[in-house]
Each structure stands twice: as C-alpha cells, then as structure tokens.
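*Asks:*
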Amino acid sequence: MANSQRRPAALDPVYYPVVGLALILVACVDFCDAVTVVDVYRLVQYDLSGVPFGSRLATLNHHAGSSFFASSSTVDLSRTVLMLPVRELDLELIKEYIGQGKLLGGLLLLLPPQFSPEKVETAVGRDEDFDLLRNKVSELEQLLIHANIPYPVYFSFEDDNINAVLAEVKRNDASGQPATATTGGYKLVVAASDPKKIASPTITNIQGWLPGLKPDGDSSQLPTIAIVASYDTFGAAPALSVGSDSNGSGVVALLEIARLFSVLYSNPKTRGRYNLLFGLTSGGPYNFNGTQKWLRSFDQRLRESIDYAICLNSLGSLGNELHLHVSKPPENTYIQQIFQGFSSVAEEYGLQVGLKHKKINISSPRVAWEHEQFSRLRVTAATISELSTAPELLEGTGSLSDNRLSVSETSIIRSVKVVAESVARHIYSQEGKGTNIFADNGSLAVNPSYVRSWLDLLSTTSRVAPFLSKSDPLIMALQKELADHTAEVNVQHETLDETFTFYDSISGRLHVYQVASVTFDLLLLLVLGSYLITLFSFLVITTRGLDDLISLFRRPPSRKVKAV
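First residue of the sequence shown: 1, per the UniProt record's numbering; consecutive thereafter.
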C-alpha cells in the first residue's frame, strides 16, 4: 500500500526542477498584478454639425507621468499618460498645450472627492477656496468640451490608492527618471473598444394634466397654465453630469408644485377654472430640442388655450434674486401681469425678481431659454431663473462642478413658494390681496423632505439624453411620480436633432500596473535561460548519462565520398 503511493523513481529527477520553474513563473505573474483599479470617466466625444469635439480615443495603454515639463528631457510624451490633479493644474499651460495640438499618450485628470456625485452633502459649509476650485473646474471643462483632442482624456477622483501612485510617479519624474519602457515605472491601462456613434439618440418628454373645473364638465374649453422644466444635462464627462442646479433644481420644483396643486385640485370646491399642464422635457442643452418637438405635437386648439407658460431653470442658488426672462416686450400687458404677480409674492419671501427681456431671432437655430420655444409659436411664456444671462450653447447645463454641494434646499423651497403662490393667485384672482394659499404648517405647505429626497436622487444620477434609453429607470421614476400627482400622463419619444452626434464609451476601469525596466527583463531572461539550460542538462544526465549530453555538443564525423 505504501509503495503504491510513492512517486515513480523515474520522476524524482524531474519533479523538483519543474516545481522550481513553476514557482518562478507564478512569481512573475504575481509581479504583473495591478497595483490598483479605479473607475474613470471619459471626456465627452461628440460632433456638432459634423465638426469633431472632445476626446476622440478611448483605449489607454502607456506609462504614467506627472508633468508637461518632462518634454524637456528625452521622454516622448506621445507615449505618456499625464496624471494631473485638478487642484494643482495650471490652466494656461494646458490651454497652450491643447491649443498647439501637441500629442499625449493620454490625460488623467484627478478631481477632488467633493466633486463626486456620490457626495450628497448640502451647500452649507462651503468656503471661498471651494468656490475658487469650482470656478477652475468650470473653466477647465469649457476648454475641454470645445477642443478636438486626439487622445484619451479621463476623469477620476483622488483617493489614497491613486494618490500613492501619483506621489511615486512625481518622485521618479523629479529624479530625472520618468517612466518609459527602458526605465520601467507605472503603466496605466484602460481596455476599451473604439467609440461608436449612437444611432438615432432618443429624447423623451413627459407631460401630466390637472384638469380644471368647468360647470358642464368639459375642461378642454378652459384656459391652461403650463409649468415646464428640462430634466437632462450635458457636461465634460457624461457619466458624471448630474446637474444638481441646472436643471435638477427646476425638476424638483416642478414635481413639488405638481404635488401641491394635486392636493388643491383633488377637492372640487378648491379646484380652479384653469387646466394645469406639467411638462418634463428633454434636449434642454441642445437648443431645447425636446421642448420644440413637444410643442409641435400640440394641436392648434391646445396651443391657443395656453394662457401662459412658466419654465423653471436653475433655482438652487444661495442668492436672494430671481430673474424673469421674457421674449415679448416688457410693456406687454400679459408680461406685466406675470411679472407683477411674481414680484409681489417674491417680496413676501425676501426675494427680488428682475425682468430680463431678450428678443428672439427666428432665423437662428440658437435657443437660449426654454420659453423661447413657446414664443416662436406665439405662446406667452417666461423663464424664472437665478441666472441673469443665458449660458452659451452646451455650457452651464450640468457641469462637473454642478453637484449637490452647489445647491441650497432652502432656495429651491423659496422658489417653489414663489411660483406656486403666484400661479394660484392668478387662478383664483387673488392678486394683491395678500392671500397665502400655500402657508407653512398648513395642509398645502411645501414638503422639505420631498424636495430633499428628489434633489438627492437627481444629484446622484447622470442625465445626458443620448445615453438615456426609453426605459431608463430615471425616466420611469419621473413618469411614475408625475402620474401620482396628475390625472393623465403621456410620454413622447423623439429623435435628437441630427446637428448633434454622440459617441459611446463614457466610462471604464483604469488598471495601474507597476512594470519593470528593460534591464530587469533582460536579467530575468538570463536567469530563466540559465535555469532551463541547467535543467535540460540535469535531465539528460540523469536519464541518459553524461556521454549522451557530451555527444550533443560533439561535431559529427565528416563523411568522405569515395571516388568512383
């Protein structure tokens, strides 16, 4: 029994050398394991009227560097991925580098942890340094969005692991030995396929009705007030574009206003003689393309029934001033009525409302404010916003710095009160009478918990329209919520304007490897070669004898050809 469990004697000479070789190979494999793995988010890639912008590549596989100034040495930065903390970034230097079209192997921009969408702290406690950093991030974002960059650009967040790697890369660069194939160092790898165009991206509009009270029961003959907010975003990194203020705050305000009026309209005794139309529109960053298609789906009678429309945009600022943006002349009777209604209510809450007039150019495709899409169809409309001027195209619509820390719940709640109270006083003809329909501590009071829960959700959910499917969980959640507060909900799916083309591969996993130098590789090759030669010689001697080994290296005897 014991003899049957013993290894054959013939294997004894082979067993231990093979085990030794296996251990060496395992050690080599372990040496190649990733030092750390982090989530990364690619700079947006898009075409505007056929002109390419953003990062045009996704695959990353180069050694790490920490400074543009390595170009003064023999290092070729076209094979280097620069790891740059945004807080230390020299914007003028990177602007010059991109502007001159210099090549990099890639760019990894490290954002402070406060900019992560997973951070849901409130705006309380912000300091001047943080505001300066937000401005820096916003400026960097606009630079990257409007540039055509022929190499991969990724964002990630500082943490202990990535900071440790960066510190060592900086030490190597400072010592004059930046990472290369010759010297070794850290290699950054993102395995990604070539970005592909998103075919026929969908934009989804959601609308809900609260029918007013009419004696004969036919509410379709009543005038309508529309309350509208665009819910999607655009930013340098689509996977991080949550837009807490622009326009998460507007969406939250609309949902709370819908909830308040659903309670008010649930009782026939308090139901007003106005229909209320709530619209959550898509395509906001793209000239409010979704709003345009939503309005054009209305029949003429519905459009003519709209008394006025109020568009909600960026209401979460800590300031005490709101702006009512209009396209019709300020002296217009309807505009004055809307402005006076908002202004008088705002004063009761310690706010000021300014009137901003901007004429629209029908021949231009550029639409700065959502109400302009109504105005183009001759529907009276206005946008209420904390912003005094409209952002440029693809700017200020969900930037990296627009997160939960940039929004105040108190400001949103005040804005909800101003809009809801102004609309209600108009419906019930209570202008100038000091009536407080949505008084605090009453059954119609604003619910801070409701505002906070939706704000937290939107502040952790990216909402770039081309990357939202028709059945995206966010769209389904908005549809369900609006259905809970309105009598009739309709969903409209449209295709985004062909002027804008987007590409996939918006996020990935970055593997950081510590790789050896060529010298180490040659030494390892020499050791393995010597080991294999010794192993071969040992096996031949033990199995066939020394003479057979020597005969392998003897010169074979020459054969003389006998002459005929």
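In this text, a Cβ means the ideal position worked out from N, Cα and C, and glycines have one as well.
Bear in mind that the values here come from a model prediction, so they are computed numbers and not experimental data.
#1: Looking only at C-alpha atoms, which of Leu240, Ala381 and His323 sits nearest to Phe157?
#2: Can you look up Arg509 in the DSSP assignment and give me helix, strand or coil?
#3: Take Ser551 and list the residues in its own chain whose beta-carbon comes closer than 6 Å to its own, dropping the five residues that flank it on each side.
#4: For a test of the three-state rule: what should DSSP assign to Glu494, helix, strand or coil?
#5: Near Phe295, what residues of its chain come up, given a Cβ to Cβ distance below 8 Å and the 5 sequence neighbours on each side ignored?
#6: Going by beta-carbon coordinates alone, are His146 and Phe234 separated by less than 8 Å?
#7: Would you mind listing the beta strand (DSSP E) stretches within the region 440–486 that are 3+ residues and don't spill past its ends, in chain order?
#8: Near Ser422, which residues of its chain fall below 6 Å by C-beta distance, leaving aside the five closest residues on each side in sequence?
#9: Which residues does DSSP list as the beta-bridge partners of Trp294?
#10: According to the Cβ coordinates, are Lys358 and His325 closer than 8 Å?
#11: Tell me where the beta strand (DSSP E) around Ile206 begins and ends.
#12: Counting along the chain, where does the beta strand (DSSP E) carrying Phe342 start and finish?
#13: Under 6 Å Cβ to Cβ from Lys187, same chain only, skipping five residues before and after it: list those, please.
#14: For Ala451 and Lys95, I'd like the C-alpha separation in whole angstroms.
#15: Which of helix, strand or coil does DSSP assign to Ser55?
#16: Have a look at Ala368 and Asn289 and give me their C-alpha separation to the nearest angstrom.
#17: Give the straight-line distance between the Cα atoms of Gly185 and Ile198, rounded to the nearest whole angstrom.
#18: Let me check one thing: in DSSP terms, what residues is Gly357 bridge-paired to?
#19: For Leu455 and Ser249, I'd like the C-alpha separation in whole angstroms.
#20: Note down the Cα distance separating Leu60 from Ser505, rounded to an integer number of angstroms.
#21: Beta-carbon of Ser200 versus every beta-carbon of chain B: anything under 8 Å?
#22: Tell me whether Val51 is buried or exposed, calling it buried when 16 or more other Cβ atoms sit within 10 Å of its Cβ.
#23: How big is the Cα-Cα spacing for Leu144 and His371?
#24: Give a yes or no on whether the C-beta atoms belonging to Val44 and Ala236 are separated by under 8 Å.
#25: Less than 8 Å separating the beta-carbons of Pro152 and Arg273?
#26: Would you call Leu526 buried or exposed, if buried means 16 or more other Cβ atoms sit within 10 Å of its Cβ?
#27: CA-CA distance, Leu255 and Arg79?
#28: Given Ala445, which residues of its chain have a CB within under 8 Å of its CB, disregarding the five upstream and five downstream residues?
#29: So the candidates are Gly279, Ser443 and Val464; which of them puts its Cα closest to the Cα of Ser266?
#30: Just to check my reading of the structure: Lys417 and Tyr349 have Cβ atoms closer than 8 Å, yes? What is that Cβ distance to the nearest angstrom?
#31: Over what stretch of residues does the beta strand (DSSP E) that includes Ser230 continue unbroken?
#32: Using the Cα positions of Glu431 and Arg425, report the straight-line distance between them to the nearest angstrom.
#33: Are there 16 or more other CB atoms within 10 angstroms of the CB of Ala229, so buried, or fewer, so exposed?
#34: Rounded to the nearest angstrom, what separates His485 and Phe68 at their Cα positions?
#35: Leaving out the 5 sequence neighbours to the left and right, which residues in its chain are closer than 8 Å to Asn320 when beta-carbon positions are compared?
#36: Assign Asn161 to one of two classes, buried (16 or more other C-beta atoms within 10 Å of its C-beta) or exposed (fewer than that).
*Replies:* So, from the data block:
#1: Numbered from its first residue, the sequence shown carries residue 157 at position 157. Minimum Cα distance to Phe157 is reached at Leu240.
#2: In the sequence shown, counting from the first residue as 1, residue 509 sits at position 509. Residue state, collapsed to three classes: strand.
#3: Taking the first residue of the sequence shown as position 1, residue 551 is located at position 551. Same-chain partners within the cutoff: there are none.
#4: As a working note, residue 494 is residue 494 in the sequence shown. Correct three-state label for Glu494: strand.
#5: Here residue 295 refers to the residue found at position 295 of the sequence shown. What sits at residue 295 in the sequence shown is Leu, not Phe. Take Leu295, set aside five residues on each side of it, and the residues of its chain with a beta-carbon closer than 8 Å to its own are Arg303, Gln373, Phe374, Leu377 and Val379, in chain order.
#6: Numbered from 1 along the sequence shown, position 146 holds the residue referred to as residue 146. Numbered from 1 along the sequence shown, position 234 holds the residue referred to as residue 234. For His146 and Phe234, no; Cβs fall outside 8 Å.
#7: Entirely contained in the region 440–486, not one beta strand (DSSP E) run reaches 3 residues.
#8: Taking the sequence shown and counting its residues from 1, one reaches residue 422 at position 422. Cβ neighbours of Ser422 beyond the five flanking positions: Gly341, Phe342 and Val345.
#9: One-based indexing of the sequence shown puts residue 294 at position 294. Its beta-bridge partners do not exist; DSSP assigns none.
#10: Residue 358 sits at position 358 when you count from the first residue of the sequence shown. Residue 325 sits at position 325 when you count from the first residue of the sequence shown. Yes, Cβ-Cβ distance for Lys358 and His325 is below 8 Å.
#11: Along the sequence shown, one-based indexing puts residue 206 at 206. Counting along the chain, the beta strand (DSSP E) containing Ile206 begins and ends at Thr202 to Leu210.
#12: As a position in the sequence shown, residue 342 is number 342, starting the count at 1. No beta strand (DSSP E) contains Phe342, which is instead part of the alpha helix (DSSP H) from Thr333 to Glu348.
#13: Start at 1 with the first residue of the sequence shown, and residue 187 comes out as number 187. Cβ within range, chain order: His63, Tyr513 and Val515.
#14: The residue you call residue 451 lines up with position 451 of the sequence shown. The residue you call residue 95 lines up with position 95 of the sequence shown. Sequence inspection shows Val at residue 451; the Ala mentioned does not correspond to that position. Between the alpha carbons of Val451 and Lys95 lies a gap of roughly 40 Å.
#15: Locating residue 55 in the sequence shown gives position 55, counting from the first residue. Assignment of Ser55 by DSSP, reduced to helix, strand and coil, places it in the strand class.
#16: For the purposes of this step, residue 368 is taken as residue 368 along the sequence shown, with counting starting at 1. For the purposes of this step, residue 289 is taken as residue 289 along the sequence shown, with counting starting at 1. Each residue's Cα considered, the two are about 11 Å apart.
#17: Translated into the one-based positions of the sequence shown, residue 185 becomes position 185. Translated into the one-based positions of the sequence shown, residue 198 becomes position 198. Cα to Cα, Gly185 sits roughly 37 Å from Ile198.
#18: Here residue 357 refers to the residue found at position 357 when the sequence shown is read from its first residue. Reading off the sequence, residue 357 comes out as His, not Gly. Answer is Val326.
#19: The residue labelled residue 455 in the question sits at position 455 within the sequence shown. The residue labelled residue 249 in the question sits at position 249 within the sequence shown. Each residue's Cα considered, the two are about 7 Å apart.
#20: Sequence index remark: in the sequence shown, residue 60 carries index 60 (1-based). Sequence index remark: in the sequence shown, residue 505 carries index 505 (1-based). It is roughly 12 Å from the alpha-carbon of Leu60 to the alpha-carbon of Ser505.
#21: Absent from the structure is chain B; it holds one protein chain and no more.
#22: Taking the sequence shown and counting its residues from 1, one reaches residue 51 at position 51. With fewer than 16 other beta carbons inside 10 angstroms of its own, Val51 counts as exposed.
#23: Locating residue 144 in the sequence shown gives position 144, where the first residue counts as 1. Locating residue 371 in the sequence shown gives position 371, where the first residue counts as 1. Straight-line Cα distance between these residues: approximately 29 Å.
#24: Mapped onto the sequence shown, residue 44 falls at position 44. Mapped onto the sequence shown, residue 236 falls at position 236. For Val44 and Ala236, yes; Cβs fall inside 8 Å.
#25: Locating residue 152 in the sequence shown gives position 152, where the first residue counts as 1. Locating residue 273 in the sequence shown gives position 273, where the first residue counts as 1. Contact check for Pro152 against Arg273 fails: the beta carbons are separated by 8 Å or more.
#26: One-based indexing of the sequence shown puts residue 526 at position 526. With fewer than 16 Cβ atoms within 10 Å of its Cβ, Leu526 is classed as exposed.
#27: Here residue 255 corresponds to residue number 255 of the sequence shown, with the count starting at 1. Here residue 79 corresponds to residue number 79 of the sequence shown, with the count starting at 1. So the two alpha carbons sit approximately 50 Å from each other.
#28: As a first step, residue 445 is located in the sequence shown; it is residue number 445 there, counting from the start. Cβ neighbours of Ala445 beyond the five flanking positions: Phe438 and Ala439.
#29: Reading the sequence shown from its first residue, position 266 is the one you call residue 266. Ranking the options by Cα distance to Ser266, first place goes to Ser443.
#30: Numbered from its first residue, the sequence shown carries residue 417 at position 417. Numbered from its first residue, the sequence shown carries residue 349 at position 349. Right, their Cβ atoms sit about 6 Å apart.
#31: If you number the sequence shown from 1, residue 230 lands on position 230. Start and end: Thr224 to Ser230.
#32: For this step, residue 431 is matched to residue 431 along the sequence shown. For this step, residue 425 is matched to residue 425 along the sequence shown. Going from the Cα of Glu431 to the Cα of Arg425 covers about 5 Å.
#33: Start at 1 with the first residue of the sequence shown, and residue 229 comes out as number 229. Label assigned to Ala229: buried.
#34: Translated into the one-based positions of the sequence shown, residue 485 becomes position 485. Translated into the one-based positions of the sequence shown, residue 68 becomes position 68. Spanning the two alpha carbons is a distance of roughly 55 Å.
#35: Position 320 of the sequence shown, counted from the first residue, corresponds to residue 320. Closer than 8 Å at the Cβ level, and outside the excluded window around Asn320, lie Gly350, Leu351 and Gln352.
#36: On the sequence shown, position 161 is the one that residue 161 refers to. Asn161 comes out exposed.
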